[in-house]
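Chains as they are written, first to last, in the working numbering: chain Y, 319 to 616; chain B, 201 to 433.
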Amino acid sequence: MFLKKRLLPITLLLVFLLSIAGCAQQPAQQEQPQQAEPPAVETKDVILATTTSTQDSGLLDVLIPEFEKQTGYVVKTIAVGTGAALAMGQKGEADVLLTHAPSQEIPMVESGVVTNYQLVMHNDFIIVGPENDPAGIKGTATAAEALKKIHEKGALFISRGDNSGTHTMEKNLWKAAGITPVVSDKYQETGQGMGQTLTVAQQKSAYTLTDRATYLAQKKNLSLVILVEGEKALLNIYHVAQVNPEKFPKVNADGAKAFVEFMVAPDTQKMISEFKVAEFGEPLFIADAGKNEEDLGK
Amino acid sequence: MELIWDGLVKAFHLLIMLDPEVLEVTWLTLKVSGTATLVSVLIGVPLGATLALSRFPGRNFLVSLSNFGMGLPPVVVGLWVSIFLWRSGPFGELNIIYTPLAIIIAQAVIASPIVTSFTLAAIQQISPRLRMQLLALGANRAQLVWSLVKEAKLGLLAAVMAGFGGVVSEVGASMMVGGNIKGQTRVLTTATVMEVNKGNFDVAIALSVILLALAYGVIVLLTTLQQWRNNHG
Numbered sequence: 319m320f321l322k323k324r325l326l327p328i329t330l331l332l333v334f335l336l337s338i339a340g341c342a343q344q345p346a347q348q349e350q351p352q353q354a355e356p357p358a359v360e361t362k363d364v365i366l367a368t369t370t371s372t373q374d375s376g377l378l379d380v381l382i383p384e385f386e387k388q389t390g391y392v393v394k395t396i397a398v399g400t401g402a403a404l405a406m407g408q409k410g411e412a413d414v415l416l417t418h419a420p421s422q423e424i425p426m427v428e429s430g431v432v433t434n435y436q437l438v439m440h441n442d443f444i445i446v447g448p449e450n451d452p453a454g455i456k457g458t459a460t461a462a463e464a465l466k467k468i469h470e471k472g473a474l475f476i477s478r479g480d481n482s483g484t485h486t487m488e489k490n491l492w493k494a495a496g497i498t499p500v501v502s503d504k505y506q507e508t509g510q511g512m513g514q515t516l517t518v519a520q521q522k523s524a525y526t527l528t529d530r531a532t533y534l535a536q537k538k539n540l541s542l543v544i545l546v547e548g549e550k551a552l553l554n555i556y557h558v559a560q561v562n563p564e565k566f567p568k569v570n571a572d573g574a575k576a577f578v579e580f581m582v583a584p585d586t587q588k589m590i591s592e593f594k595v596a597e598f599g600e601p602l603f604i605a606d607a608g609k610n611e612e613d614l615g616k
Numbered sequence: 201m202e203l204i205w206d207g208l209v210k211a212f213h214l215l216i217m218l219d220p221e222v223l224e225v226t227w228l229t230l231k232v233s234g235t236a237t238l239v240s241v242l243i244g245v246p247l248g249a250t251l252a253l254s255r256f257p258g259r260n261f262l263v264s265l266s267n268f269g270m271g272l273p274p275v276v277v278g279l280w281v282s283i284f285l286w287r288s289g290p291f292g293e294l295n296i297i298y299t300p301l302a303i304i305i306a307q308a309v310i311a312s313p314i315v316t317s318f319t320l321a322a323i324q325q326i327s328p329r330l331r332m333q334l335l336a337l338g339a340n341r342a343q344l345v346w347s348l349v350k351e352a353k354l355g356l357l358a359a360v361m362a363g364f365g366g367v368v369s370e371v372g373a374s375m376m377v378g379g380n381i382k383g384q385t386r387v388l389t390t391a392t393v394m395e396v397n398k399g400n401f402d403v404a405i406a407l408s409v410i411l412l413a414l415a416y417g418v419i420v421l422l423t424t425l426q427q428w429r430n431n432h433g
């Protein structure tokens with residue numbers, strides 16, 4: 319009786335474990351054929367933590383397969399806001415970072431959390447809003463001035479509110495305007511990606527700060543227009559960096575290094591600068607590898 | 201209105217043209233949620249049956265816990281499973297995070313209480329007289345449980361359907377532990393969220409239609425099984 323009582327749970331546990339083990343092997347088997355052509359590498363998975371704009375614009379769909387073909391690594395792209403991507407780097411949960419908030423990234427370089435920090439590309443941030451422009455910001459010289467006007471006129475502004483690269487830029491601009499925004503019916507936070515935030519701004523006829531790539535990619539759904547652009551302070555600069563293997567022994571250092579090298583390689587840079595030019599008539603990203611950051615936007 | 205129509209046309213196109221990417225995502229969704237449901241049945245049915253048939257101190261607490269677990273928010277499960285599977289977590293060495301297996305684990309956690317509670321209810325509502333009768337006929341414990349499980353098949357298949365419905369529709373946990381990685385962990389729900397973020401509303405609508413069709417297809421199959429057995433058994 320005792321044995322019988324125990325037999326059922328034990329059998330079930332065994333079945334459970336076997337099924338789990340069976341599933342664990344599935345991905346490995348699926349990856350085998352991919353490995354056939356490109357060079358064999360030791361640890362294949364490279365975890366890339368990145369911002370939503372690189373995924374939502376479709377850029378990574380073009381670059382990642384090329385990287386995998388060239389190197390034999392398999393990239394696991396985790397597209398979150400830059401804030402979350404950097405936090406993954408801080409904890410050693412990612413191998414390589416592709417982000418766009420230099421003011422947050424530089425302290426990480428200085429503290430040695432990341433190494434091999436390289437300039438990849440840029441585009442710019444723009445302030446978009448309803449065509450009738452209730453706060454009258456079109457033509458203002460600086461973004462800070464425009465935000466001041468929006469604030470004074472009491473027009474609705476939608477913020478990402480998610481510590482992303484765009485949100486970081488927005489906070490810097492409010493600072494420059496000498497205003498500390500407080501969440502109210504005139505300043506709302508979505509806590510979501512740029513695409514969703516643009517949709518919310520569109521539905522509410524509000525102003526928002528966006529990167530140009532996401533705006534262009536979404537333009538077919540939007541009646542919001544570009545109201546402020548072109549200022550040097552609005553440059554949106556993307557860097558790639560390796561999470562430091564000396565701090566986090568579990569990271570895939572070789573894979574991360576290969577990815578950084580791939581992102582700044584001339585062929586990749588050419589793909590970036592040609593990305594979707596045919597579709598939009600203008601580049602979504604301007605390739606910058608090897609340039610001096612000071613010279614951007616001149 | 202135009203958007204809805206465009207979406208439906210797009211869904212039709214993606215299905216008719218057998219778009220390989222959509223097929224891959226759909227197949228993975230079925231595989232992952234199906235496996236998770238299977239695991240939750242293997243855990244939930246014996247657990248529910250045990251809870252239904254035995255009396256011990258703390259039983260009511262376990263039953264309330266299982267009933268409470270039916271409403272476990274997928275994002276909460278996703279967060280906790282992530283914490284355990286991250287490199288810095290206790291199971292980091294296994295390198296499971298951002299794999300289909302991670303989604304299966306999270307979904308099994310979500311579905312197990314559902315299956316347990318449904319099983320418990322199904323077996324407990326069988327007349328206790330049947331139990332007495334079976335015991336009087338000389339059934340041993342295994343035979344008794346098996347007979348009761350067969351008697352409760354209507355409710356048990358409802359348990360399977362509820363479990364599958366719960367996991368195939370969740371997005372929070374799959375997004376967090378799977379990462380929505382193209383070709384690896386992208387399932388229909390996470391792909392839908394991504395397409396909405398990209399502003400491809402027509403594709404998102406198409407994916408949602410495919411998800412509904414998939415879920416309905418599986419449920420029809422299970423319902424047929426449930427009702428067929430009932431009519432012929």
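The beta carbon of each residue, even a glycine, is placed where N, CA and C say it ideally should be.
Given the structure is predicted, the values throughout are model-derived calculations rather than measurements.
Assigned exposure category for residue i - 16 Cβ within 10 Å defines buried
i: residue 492 (chain Y); result: buried
i: residue 337 (chain B); result: exposed
i: residue 374 (chain B); result: buried
i: residue 397 (chain Y); result: buried
i: residue 556 (chain Y); result: buried
i: residue 392 (chain B); result: buried
i: residue 397 (chain B); result: buried
i: residue 358 (chain Y); result: exposed
i: residue 325 (chain B); result: exposed
i: residue 612 (chain Y); result: exposed
i: residue 424 (chain Y); result: exposed
i: residue 343 (chain Y); result: Per-residue confidence for residue 343 (chain Y) stands at a pLDDT of 42, beneath the threshold of 50, marking its modelled position as unreliable; the derived number appears in the next sentence. Exposed.
i: residue 595 (chain Y); result: exposed
i: residue 498 (chain Y); result: exposed
i: residue 346 (chain Y); result: For residue 346 (chain Y), the pLDDT reaches just 40, beneath the cut-off of 50, and the residue's location in the model is therefore unreliable, although a value from the coordinates is still provided. Classification for residue 346 (chain Y): exposed.
i: residue 297 (chain B); result: buried
i: residue 525 (chain Y); result: buried
i: residue 211 (chain B); result: buried
i: residue 209 (chain B); result: exposed
i: residue 308 (chain B); result: buried
i: residue 395 (chain B); result: buried
Start and end residues, beta strand (DSSP E) containing residue i
i: residue 560 (chain Y); result: 553-561
i: residue 415 (chain Y); result: 414-417
i: residue 434 (chain Y); result: 432-447
i: residue 396 (chain Y); result: 392-397
i: residue 526 (chain Y); result: 525-529
i: residue 367 (chain Y); result: 363-368
i: residue 325 (chain B); result: Residue 325 (chain B) -> no beta strand (DSSP E), and no H or E assigned at all.
i: residue 507 (chain Y); result: 505-507
i: residue 544 (chain Y); result: 543-546
Neighbouring residues, chain B, relative to residue i (Cβ below 8 Å)
i: residue 539 (chain Y); result: 399 and 401
i: residue 536 (chain Y); result: 398 and 399
i: residue 513 (chain Y); result: 396, 397, 398 and 399
i: residue 365 (chain Y); result: 298
Continuous alpha helix (DSSP H) stretch holding residue i: start and end
i: residue 284 (chain B); result: 274-285
i: residue 582 (chain Y); result: 571-582
i: residue 619 (chain Y); result: Nothing about residue 619 (chain Y) can be read from this structure; chain Y reaches only from 319 to 616.
i: residue 477 (chain Y); result: Counting along the chain, residue 477 (chain Y) falls outside any alpha helix (DSSP H), though it belongs to the beta strand (DSSP E) covering 475-477.
Contact set between residue i and chain B, taken where Cβ atoms lie within less than 7 Å
i: residue 370 (chain Y); result: 397
Closer than 9 Å at the beta carbon, the chain Y residues around residue i
i: residue 288 (chain B); result: 409, 410, 411, 566 and 568
Closer than 6 Å: residue i CB and nearest the ligand NAD heavy atom
i: residue 211 (chain B); result: Ligands are entirely absent from the displayed structure, and the ligand NAD is therefore not among its contents.
Under 7 Å from the C-beta of residue i: neighbouring residues of chain Y
i: residue 234 (chain B); result: Chain Y residues near residue 234 (chain B): none, gap ~11 Å exceeds 7 Å.
i: residue 381 (chain B); result: 394 and 395
Whole-number beta carbon distance between residue j and residue i, since they are thought to touch under 8 Å
i: residue 516 (chain Y); j: residue 533 (chain Y); result: 7 Å
i: residue 606 (chain Y); j: residue 440 (chain Y); result: 6 Å
i: residue 554 (chain Y); j: residue 442 (chain Y); result: 5 Å
i: residue 277 (chain B); j: residue 243 (chain B); result: Not a contact, Cβ separation roughly 14 Å.
i: residue 403 (chain Y); j: residue 365 (chain Y); result: So it is not a contact: roughly 11 Å between Cβ atoms.
i: residue 589 (chain Y); j: residue 380 (chain Y); result: 6 Å
i: residue 266 (chain B); j: residue 316 (chain B); result: 5 Å
Where residue i meets chain B, residues with beta-carbon distance less than 9 Å
i: residue 374 (chain Y); result: 394, 397, 398 and 399
i: residue 544 (chain Y); result: The contacting residues do not exist; residue 544 (chain Y) stays about 16 Å from chain B at best.
Per-residue contacts from residue i into chain Y (C-beta, under 8 Å)
i: residue 292 (chain B); result: 568
### Task
Report the residues of the region 357-373 of chain B with a CB closer than 9 Å to any CB of chain Y, ordered along the chain.
none
### Message
Using a Cβ-Cβ cutoff of 8 Å, what residues of the region 468-498 of chain Y are near chain B? List them in chain order.
### Response
none
### Task
Return the residues of the region 437-465 of chain Y that lie within a Cβ-Cβ distance of less than 9 Å from chain B, sorted by chain order.
none
### Message
By the 8 Å beta-carbon criterion, what residues does the region 404-430 of chain B contribute toward chain Y?
### Response
none
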